[in-house]
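Q: Input: one structure, supplied below.
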Amino acid sequence: MDTDGTRDQVYEDGNALGGPLSEIFAVDLTAAVGRCAGCGATGPMARLRVYDRAPGLVARCPDCGRVVLRLVRGPDTAWLDLQGASSLAIPLGPPS
Amino acid sequence: MAIISRGFHGRRPAPGRDLPPGQYEVHDFPVLSAGPTPRVTHEDWKFTLRTETGTEHTWDWARLMEMPGESPTVDLHCVTKWSKFGTRWEGVSLDLLMEGVETAAEFALVHSYGGYTTDLPLEDLLDGKAWIAHRYDGEELAPEHGGPARLLVPHLYLWKSAKWVRGIDLLLDDEPGFWEGLGYHSYGDPWREQRYQGD
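Those protein sequences? They're chains S and E, same order as listed.
So for the first sequence, this note's numbering puts the first residue at 23; every next one is plus one.
So for the second sequence, this note's numbering puts the first residue at 435; every next one is plus one.
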């Protein structure tokens, strides 16, 4: 890493949520379209900025920087916070 | 001749240095962050203690620098399991900042530039246990480590030592912070391995 301060801006894109969330949800949420509760911007979850060098995953809106999703994986519990997402549109096939 | 086995402890620190349970020693200084690093200049920096009655006590950078400093050397224990021994800091004791602050509060909610929060009992900030730290290892505290100033509460897991600290609310009732509201322990004593709720 360099020393000009850019190292702390490092984040992954929202595809980094795919693996951890697949443990909880049966569908791939990275393809879902979320609405940021902060600024109202909509976009695929894969567009979020994911900070994973932390005690949990923190996914932020690329437009306003607000926290959209947080995930903590403990030894026998996962804690998921979606209060920063006012809605999620999840692509599914026809009802079976 | 008796052979005394201390058992297997993985990466064992130097003699005389004890690791809390589940921790390993690092020699670098990992940077953990839940978001982009705030860039706060000394001119813009302010620190505000707000009591439960709404009374505010505010310090700007110049006023903080005028206060008597201390130079604690402490061990750090991060909940992500790394520990770093013998880190050298300079800062102002919370005891000094709390002088003259009238409060019946038992809890503190720490606020950072960038929106991070963490909570702890007020007594854990007092009696020489906590500082507003502004220098690390003889130099100004770098932004990625919380500069211009961070809270330093080394007897608790490091997520309590909020980087980019901008204020502390003194509260009658506990209010969970950023990680405490999402599964992490409300107190976070590394020696009792209080990582998650229920530990």
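Each residue gets a CB set at the ideal place from its N, CA and C atoms; glycine is no exception.
Under 6 Å Cβ to Cβ from leucine 110 of chain S, same chain only, skipping five residues before and after it: list those, please.
A: Ala54, Gly56
Q: Note down, in chain order, each residue of its chain lying with its Cβ closer than 7 Å to the Cβ of proline 649 of chain E, except the 5 sequence neighbours on either side.
A: Not covered by the structure: residue 649 of chain E. The range shown for chain E is 435 to 633.
Q: Quick one: list the residues of chain S neighbouring leucine 510 of chain E, beta-carbon separation under 9 Å, in chain order.
A: The premise fails here: leucine 510 of chain E is roughly 14 Å from chain S at the closest Cβ pair, so nothing lies under 9 Å.
Q: Give me whichever residues DSSP pairs with leucine 51 of chain S in a beta bridge.
A: Listed as beta-bridge partners of leucine 51 of chain S by DSSP are no residues whatsoever.
Q: Using a Cβ-Cβ cut-off of 8 Å (strictly less than) and excluding sequence neighbours within five positions of aspartate 509 of chain E, which residues of its own chain qualify?
A: Arg451, Ser517, Lys518, Phe519, Gly520, Thr521, Pro588
Q: Are the beta-carbon atoms of threonine 693 of chain E and tryptophan 613 of chain E separated by less than 8 Å?
A: It is not possible to answer for residue 693 of chain E, since the shown part of chain E is limited to 435 through 633.
Q: From glutamate 540 of chain E to proline 610 of chain E, what does the alpha carbon distance come to, in whole angstroms?
A: About 14 Å.
Q: Can you pull the chain E neighbours of valine 94 of chain S, defined as C-beta to C-beta under 9 Å?
A: Trp613, Leu616, Gly617, Tyr618, Tyr630
Q: Using a Cβ-Cβ distance under 8 Å, would glycine 469 of chain E count as near chain S?
A: Yes, its Cβ sits closer than 8 Å to a Cβ of chain S.
Q: On the three-state DSSP scale, how would you describe glycine 525 of chain E?
A: When DSSP states are grouped into helix, strand and coil, glycine 525 of chain E belongs to the strand group.
Q: Between the Cα of leucine 43 of chain S and those of S:Ala81, S:Cys61, S:Pro116, spot the shortest distance and give me the residue it belongs to.
A: S:Ala81
Q: Looking only at its own chain, which residues have a Cβ that is under 8 Å from the Cβ of alanine 59 of chain S, when we skip the five neighbours before and after it?
A: Arg88, Val90, Gln105, Gly106, Ala107, Ser108
Q: Would you mind telling me which residues of chain E sit closer than 8 Å to alanine 87 of chain S, beta carbon to beta carbon, in chain order?
A: First, the amino acid is wrong: residue 87 of chain S is glycine here, not alanine. Under the 8 Å cutoff, chain E gives Gly469, Pro470.
Q: Against arginine 82 of chain S, what residues of chain E qualify as contacts under a CB-to-CB distance less than 7 Å, listed in chain order?
A: Gly469
Q: Shortest alpha-carbon distance to tryptophan 523 of chain E belongs to which of E:Gly469, E:Leu530, E:Tyr630, E:Leu585?
A: E:Leu585
Q: Going by CA-CA distance only, name the one from E:Leu605, E:Leu543, E:Ala576 that's closest to tryptophan 593 of chain E.
A: The candidate whose alpha carbon is nearest that of tryptophan 593 of chain E is E:Leu543.
Q: Who are the Cβ neighbours of glycine 36 of chain S in its own chain at under 8 Å, not counting the five residues just before and after it?
A: Thr52, Pro66, Met67, Ala68, Arg69, Leu70, Arg71, Val72, Ala81
Q: Starting from aspartate 103 of chain S, find everything on chain E with Cβ-Cβ shorter than 8 Å and list it in chain order.
A: Gly615, Leu616
Q: Kindly give me the distance between the Cβ atoms of proline 582 of chain E and tryptophan 495 of chain E, rounded to whole angstroms, as I take these residues to be in contact under 8 Å.
A: 7 Å
Q: With DSSP collapsed to three states, give me the class of tryptophan 495 of chain E.
A: helix
Q: For a cutoff of 8 Å on Cβ pairs, would you count alanine 76 of chain S as touching chain E?
A: yes
Q: I need the straight-line Cα distance from arginine 440 of chain E to proline 464 of chain E, nearest angstrom please.
A: At arginine 440 of chain E the pLDDT is 42, less than 50, meaning the model places this residue with poor confidence and gives no usable figure here.
Q: Report back the beta-carbon spacing between alanine 76 of chain S and serine 595 of chain E to the nearest angstrom; my notes put them in contact at under 8 Å.
A: The C-beta distance from alanine 76 of chain S to serine 595 of chain E rounds to 14 Å, too long to fall under 8 Å, and the pair is not in contact.
Q: Quick one: does tryptophan 625 of chain E have its CB under 8 Å from some CB of chain S?
A: No, its Cβ sits nowhere closer than 8 Å to a Cβ of chain S.
Q: Within the 8 Å Cβ cut-off, does threonine 52 of chain S reach chain E?
A: no
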